[in-house]
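In the order they appear, the protein sequences are chains S and E. One point on numbering: in UniProt numbering, the residue at position 10 of the first sequence is 10, and numbering is uninterrupted. One point on numbering: in UniProt numbering, the residue at position 151 of the second sequence is 151, and numbering is uninterrupted.
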Amino acid sequence: MTDEPLVLGIETSCDETGVGIVRGTTLLADALASSVDLHARFGGVVPEVASRAHLEAMVPTMQRALDEAGVTLADVDAIAVTAGPGLAGALLVGVAAAKGYAIAAEKPVYGVNHLAAHVAVDTLEHGPLPEPAIALLVSGGHSSLLLVDDLAGGVVPLGSTIDDAAGEAFDKVARLLGMPFPGGPPIDRAAREGQATIAFPRGLTAAKDQAAHRFDFSFSGLKTAVARWVEARERAGEPVPVNDVAASFQDAVCDVLTAKAIDACRQNGVETLVIGGGVAANSRLRAMAEERAAKVGITVRVPRPKLCTDNGAMVAALGSHLVAAGVRPSRLDLPADSAMPLTLVSV
Amino acid sequence: MHIVLVLVLDTSTPAVTAAVADVTSTGQAVTAELRAVDGRAHGELMAPEIDQVLRQTGATVRDLRAIVAGTGPGPFTGLRVGLVTAASMGQTLGIPVYGVCSLDALGGVPGQVTLVATDARRREVYWALYDPTGTRIDGPHVDLPEVAAERAAAATVAVGDGALKYADRIGLKVLDEPRYPMVDAFVRLAADRVRGNAPGEPLTPLYLRRPDAVAAGGHKPVLR
Ligand SMILES: [Zn+2]
Numbered sequence: 001m002t003d004e005p006l007v008l009g010i011e012t013s014c015d016e017t018g019v020g021i022v023r024g025t026t027l028l029a030d031a032l033a034s035s036v037d038l039h040a041r042f043g044g045v046v047p048e049v050a051s052r053a054h055l056e057a058m059v060p061t062m063q064r065a066l067d068e069a070g071v072t073l074a075d076v077d078a079i080a081v082t083a084g085p086g087l088a089g090a091l092l093v094g095v096a097a098a099k100g101y102a103i104a105a106e107k108p109v110y111g112v113n114h115l116a117a118h119v120a121v122d123t124l125e126h127g128p129l130p131e132p133a134i135a136l137l138v139s140g141g142h143s144s145l146l147l148v149d150d151l152a153g154g155v156v157p158l159g160s161t162i163d164d165a166a167g168e169a170f171d172k173v174a175r176l177l178g179m180p181f182p183g184g185p186p187i188d189r190a191a192r193e194g195q196a197t198i199a200f201p202r203g204l205t206a207a208k209d210q211a212a213h214r215f216d217f218s219f220s221g222l223k224t225a226v227a228r229w230v231e232a233r234e235r236a237g238e239p240v241p242v243n244d245v246a247a248s249f250q251d252a253v254c255d256v257l258t259a260k261a262i263d264a265c266r267q268n269g270v271e272t273l274v275i276g277g278g279v280a281a282n283s284r285l286r287a288m289a290e291e292r293a294a295k296v297g298i299t300v301r302v303p304r305p306k307l308c309t310d311n312g313a314m315v316a317a318l319g320s321h322l323v324a325a326g327v328r329p330s331r332l333d334l335p336a337d338s339a340m341p342l343t344l345v346s347v
Numbered sequence: 001m002h003i004v005l006v007l008v009l010d011t012s013t014p015a016v017t018a019a020v021a022d023v024t025s026t027g028q029a030v031t032a033e034l035r036a037v038d039g040r041a042h043g044e045l046m047a048p049e050i051d052q053v054l055r056q057t058g059a060t061v062r063d064l065r066a067i068v069a070g071t072g073p074g075p076f077t078g079l080r081v082g083l084v085t086a087a088s089m090g091q092t093l094g095i096p097v098y099g100v101c102s103l104d105a106l107g108g109v110p111g112q113v114t115l116v117a118t119d120a121r122r123r124e125v126y127w128a129l130y131d132p133t134g135t136r137i138d139g140p141h142v143d144l145p146e147v148a149a150e151r152a153a154a155a156t157v158a159v160g161d162g163a164l165k166y167a168d169r170i171g172l173k174v175l176d177e178p179r180y181p182m183v184d185a186f187v188r189l190a191a192d193r194v195r196g197n198a199p200g201e202p203l204t205p206l207y208l209r210r211p212d213a214v215a216a217g218g219h220k221p222v223l224r
C-alpha cells in the first residue's frame, strides 16, 4: 500500500486519444488510440476527423487503461485532462469525457496544460524534476523553450516558433521527398543512410536575431530552402540524393534546437534540460543534445519515445504532481482552451 | 411502485439540456430539468447542469439506473459533448445508455404531418417528417430550408428552431413551441428500453455530413 495519489489522465488535444494512470510517479497504464492513419492522405491532422475518432475511442481506451492498471474509476483519487492548448473540437471531447467520469465517480477533475504535461511525463521515467529546468518541447504542433521554475505553479515561456512547428517542417519536407506522413520517422531513417553535406539555413541564429528572437525558432525558411534545392536538382534532370537531403535538413533542425536549448540553460544558470514532444523521438536530436550538453555540464533528460509523443500518461503525471502539491481542482465549468497560455499549468 | 431514475442529456441544438426523470412500470415523470441556451458553450454548461439537476432531486449519481442521450443530428462539436458525457458516465456507473434521435424528441404535432427542423448552421436545417401519430416517416436529413420544405411537401405544420429561423423559406405555419428537443419526449421514447433493462447501446452521432477535409496536394513549386 502507498498513500501516493492514484491519478488518471486523459489526452485528446490532437490525433491521439490517450488514457494514462499513475500512482505518484509510477506509470501503471498508458492506453492509446491513434487516428493518425485517417489523416495520412491529407498530409496533416484534419480536426473534425480527429474529433470524431476521439468520441469513438474514448470509452474503449479508458477501459483498456483501467484493465491494464487493474483499478476501477472508484479507486482513482483524481482525473486530469488536457484543457489546452490544442485543436478546440478535439480538446472538448476529452474535457467533456473527463467531467463525465469525474461526476459519475465523484472525483475531482484537473484541467491541465498540454505543454506542462509534456514536461511532467519525464518524472515517470527519471523521477522528480530538478527545478529550475529548461524544457524544449518539439512536435507537430509546438516548438517551445520553457523555463520550469515550479511545475505545479507556472512555466515561463522563453521562446517558440514564429512560423512552422519543428514537426510540421519534418512533415512538409517528408512530403517533398515522397515519404509518408508523419514525416519524422522516415526522415530519421533516411538520414541515417545519408550525409549532412548540404548547408541549409539555420533560422533565427544570426547575430541580428539575438535581441528579439534569441530563443525563438523559424523553420519556414528551411523548408523553403529544401524545396528550392530539390526542385533545382529535378529541373536540371539530376537525381535527388534523398538520404543526404534528409540528413542535412535534420541536422539543420537539430542544430538550432539544441543550440538554443543549451543557450537557454546557460543564460538561466540551469543544469537540467528536458526534451519532450514527438520530435524528441528523433535519434539525431537526442544524440546532438547529449553531446553538446555534456560539454558544458548540463544533464539532458529525454523520456522514452512512447512517452514523448502525446499520451494520457503525461497528463496523469502532471495531475499527480498537482495533487501532491495541493493544487485546487478545476471547476465543473472548466472550458477547453485551444490557446491556453503556458503561464497556466492548470485551470 | 418500482421507480427507475434516469438522466437525460441532449446537446444537439443551442439548448444544453440535462434532466432527471422517474420511469415506473406504467408512467414517467420529469423531476428536474435544466436548459441553458448557448450554442457555443456546451462544454462549459453540461457538467454543472448535471450536478445541479441531481442536487435538485436529492438524488446522487449512484441512484441513476440509465442514461438517455440525444444522438442528434446537430452541430458536431456541441453534439459530441452530450454523447461523450453520457458514454463516460454510463461506463463509470455500469448502467445502460440509450440513444434517441433528437428530432424525434421535438416530435410530431398530433393530428398533423409535421416537419421538424433544427438549425444546422451553414444556412441549412436538420429535418425529419412525422405522420399524424408522431411516427417518423422521412429523415433525418440535412438540406437547405427550401429543399427540406420541398422534400417534405406533405407537411401541414413545422416546428423547431430551424423552422422558426427560416420560416419565410419553408412556407408552412411554424409553431413557436417546441423550439428544442423535449425532455419528456426523450424519456417516453426510451421508456420501454428502460423498463425492460435493455442492454446499453454505443451512441452513434447522427452527423449527416462528412467532415470538412481538403486533401493536401503535392508541394507548390517555389521556383518560378
Ligand atoms: Zn504534444
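C-beta atoms are modelled at their ideal positions from N, C-alpha and C, and glycine is treated no differently.
If distances are taken between C-alpha atoms only, which option among the options comes closest to residue i?
i	options	result
residue 348 of chain S	S/Thr26, S/His118 and S/Leu6	Residue numbering for chain S in the displayed model covers 1 to 347; residue 348 of chain S lies beyond these limits and cannot be assessed.
S/Ala281	S/Glu271, S/Lys295, S/Asp149 and S/Arg301	S/Arg301
S/Leu146	S/Ala135, S/Ser139 and S/Gly154	S/Ala135
S/Val109	S/Asp263, S/Gly9 and S/Ala165	S/Gly9
E/Val159	E/Asp176, E/Gly134 and E/Leu64	E/Asp176
E/Pro75	E/Val30, E/Val8, E/Glu49 and E/Asp119	E/Asp119
S/Gly221	S/Glu234, S/Lys208 and S/Ala252	S/Ala252
S/Leu141	S/Ala166, S/Ile162 and S/Leu158	At residue 141 of chain S the sequence reads Gly, which differs from the Leu that was named. It is S/Ala166 whose Cα lies nearest to the Cα of S/Gly141.
E/Thr11	E/Gln28, E/Arg35 and E/Asp22	E/Arg35
E/Leu64	S/Ala225, S/Ala105 and S/Gly94	S/Ala105
E/Val23	E/Ala41, E/Val37, E/Pro202 and E/Val8	E/Val8
E/Pro199	E/Ile67, E/His2 and E/Asp38	E/Ile67
S/Leu137	S/Arg331, S/Val323 and S/Pro303	S/Pro303
S/Gly24	S/Leu38, S/Asp3 and S/Cys14	S/Asp3
S/Ser13	S/Leu158, S/Glu56, S/Asp75 and S/Leu115	S/Leu115
S/Thr162	S/Leu204, S/Pro335 and S/Gly154	With the sequence shown as reference, residue 162 of chain S is identified as Ile, and Thr is not the correct amino acid for it. The candidate whose alpha carbon is nearest that of S/Ile162 is S/Leu204.
E/Gly82	S/Gly86, S/Gly84 and S/Tyr101	S/Tyr101
S/Leu257	S/Gly276, S/Gly269 and S/Ala227	S/Gly276
S/Asn243	S/Gly237, S/Arg214, S/Val347 and S/Arg192	S/Arg192
E/Pro202	E/Tyr130, E/Gly43, E/Tyr98 and E/Pro178	E/Tyr98
S/Met58	S/Val279, S/Asn113, S/Leu92 and S/Lys208	S/Leu92
E/Gly134	E/Arg179, E/Ala29 and E/Gly111	E/Gly111
S/Arg333	S/Lys99, S/Ala339, S/Lys306 and S/Ala40	Per the sequence shown, the amino acid found at residue 333 of chain S is Asp instead of Arg. Checked all of S/Lys99, S/Ala339, S/Lys306 and S/Ala40; the closest Cα to S/Asp333 is S/Lys99.
E/Ala41	S/Phe217, S/Ala53 and S/Gly89	S/Gly89
What does a CB cutoff of less than 7 angstroms around residue i pick up in its chain, not counting 5 residues either side in sequence?
i	result
S/Ser248	Ala196, Thr197, Ile198 and Phe200
E/Ala32	Ala19, Val20, Val53, Gln56 and Thr57
E/Ala216	Because the pLDDT at E/Ala216 is just 42, under 50, the model does not fix this residue reliably, and the value given afterwards should be weighed accordingly. Hits under 7 angstroms: none found.
E/Arg80	Pro205
S/Ala316	Val7, Leu8, Gly9, Gly20, Ile21, Val22 and Ala80
E/Arg123	Leu144
Sorted by chain position, which residues of the same chain lie with C-beta nearer than 8 angstroms to residue i's C-beta, five sequence neighbours on each side aside?
i	result
E/Lys173	Thr156, Val157 and Ala158
S/Asn311	Glu11, Glu16, Gly18, Gly20, Asp30, Leu32 and Val121
E/Leu223	Caution applies to E/Leu223, whose pLDDT of 43 falls short of 50 and renders its modelled position unreliable; the value that the coordinates give is listed next. Contacts found: none.
E/Pro221	Summary for E/Pro221: the model assigns pLDDT 42, below 50, so the residue's position carries little reliability; its value from the coordinates is reported in the next sentence. Within the same chain, E/Pro221 has no close Cβ partners at all.
E/Asp38	Pro14, Val16 and Leu45
S/Ala74	Ala105
Identify the residues that DSSP records as bridge partners of residue i: which are they?
i	result
S/Thr26	S/Arg23
residue 351 of chain S	For chain S, the structure presents residues 1 to 347; residue 351 of chain S sits outside this window and is missing.
S/His39	The partner list for S/His39 (beta bridge, DSSP) is empty, contrary to what the question assumes.
S/Ala215	For clarity, residue 215 of chain S is Phe in the given sequence; the question names Ala instead. S/Phe215 pairs with nothing; no bridge assigned.
S/Asp150	S/Gly154
E/Asp10	E/Thr17
E/Thr28	Note that residue 28 of chain E is Gln in the sequence shown here, rather than Thr. Answer is E/Val23, bridged to E/Gln28.
Is any heavy atom of ligand 2 found at a distance shorter than 7 angstroms from the C-beta of residue i?
i	result
S/Asp15	Ligands in the displayed structure: ligand 1; ligand 2 is not one of them.
Within its chain, find whatever has a CB closer than 6 angstroms to the CB of residue i; leave out the 5 residues flanking it on each side and keep chain order.
i	result
S/Cys265	Ile134, Leu273 and Ile298
S/His213	Leu204
S/Val155	Ala116, Leu146, Val148 and Leu342
E/Ala29	Asp22
For this session: Could you say if the stretch 43-50 of chain S and the stretch 200-214 of chain E meet the contact criterion of at least three C-beta pairs nearer than 8 angstroms?
Result: A contact exists between the stretch 43-50 of chain S and the stretch 200-214 of chain E.
For this session: Take every Cβ of the stretch 258-273 of chain S, pair it with every Cβ of the stretch 119-128 of chain S, and state whether three or more of those distances are shorter than 8 angstroms.
Result: Verdict: no, contact absent.
Exercise. Taking three-plus beta-carbon pairs below 8 angstroms as touching, is the stretch 283-290 of chain S in contact with the stretch 27-44 of chain S?
Worked result: Too few Cβ pairs lie closer than 8 angstroms, so no.
Problem set entry | Three-pair Cβ contact test at 8 angstroms for the stretch 58-70 of chain E versus the stretch 155-163 of chain E | Under the 8 angstroms Cβ criterion, the stretch 58-70 of chain E does not count as touching the stretch 155-163 of chain E, having fewer than three qualifying pairs.
Exercise. Counting pairs of Cβ atoms below 8 angstroms between the stretch 97-113 of chain E and the stretch 184-196 of chain E, do you hit three or more?
Worked result: Under the 8 angstroms Cβ criterion, the stretch 97-113 of chain E counts as touching the stretch 184-196 of chain E, having at least three qualifying pairs.
Problem set entry | Cβ-based contacts, 9 angstroms cut-off: residues of the stretch 28-46 of chain E near chain S | The residues in question are Ala41, His42, Gly43, Glu44, Leu45 and Met46.
Problem set entry | Selection of the stretch 97-110 of chain S by Cβ proximity to chain E, strictly under 7 angstroms | Going along the stretch 97-110 of chain S in chain order, one finds Ala97, Lys99, Gly100, Tyr101, Ile103, Ala104, Ala105 and Glu106 with a Cβ nearer than 7 angstroms to chain E.
Exercise. Just by C-beta distance, which residues in the stretch 34-61 of chain S are closer than 7 angstroms to chain E?
Worked result: Answer set for the stretch 34-61 of chain S: Arg41, Phe42, Gly43, Gly44, Val46, Glu48, Val49, Ser51, Arg52, Leu55, Met58 and Val59.
Problem set entry | the stretch 248-277 of chain S: positions lying closer than 8 angstroms to chain E by Cβ | When CB distances to chain E are screened at a threshold of 8 angstroms, not a single residue of the stretch 248-277 of chain S falls below it.
Problem set entry | Members of the stretch 318-334 of chain S near chain E, C-beta cut-off 7 angstroms | Those residues of the stretch 318-334 of chain S that come within reach of chain E (Cβ to Cβ, closer than 7 angstroms) are Leu332 and Asp333.
Exercise. Is the stretch 128-148 of chain E touching the stretch 323-343 of chain S in the sense that three or more CB pairs, one from each, lie closer than 8 angstroms?
Worked result: Here the stretch 323-343 of chain S makes no contact with the stretch 128-148 of chain E; the two share fewer than three CB pairs at distances below 8 angstroms.
Exercise. Do the stretch 52-71 of chain S and the stretch 44-53 of chain E meet, that is, are 3 or more Cβ pairs less than 8 angstroms apart?
Worked result: Not touching, per the Cβ criterion.
Problem set entry | Under 8 angstroms (Cβ pairs) to chain E, residues found in the stretch 60-77 of chain S | Among the residues of the stretch 60-77 of chain S, those with a Cβ less than 8 angstroms away from any Cβ of chain E are Met62, Gln63 and Leu73, in the order of the chain.
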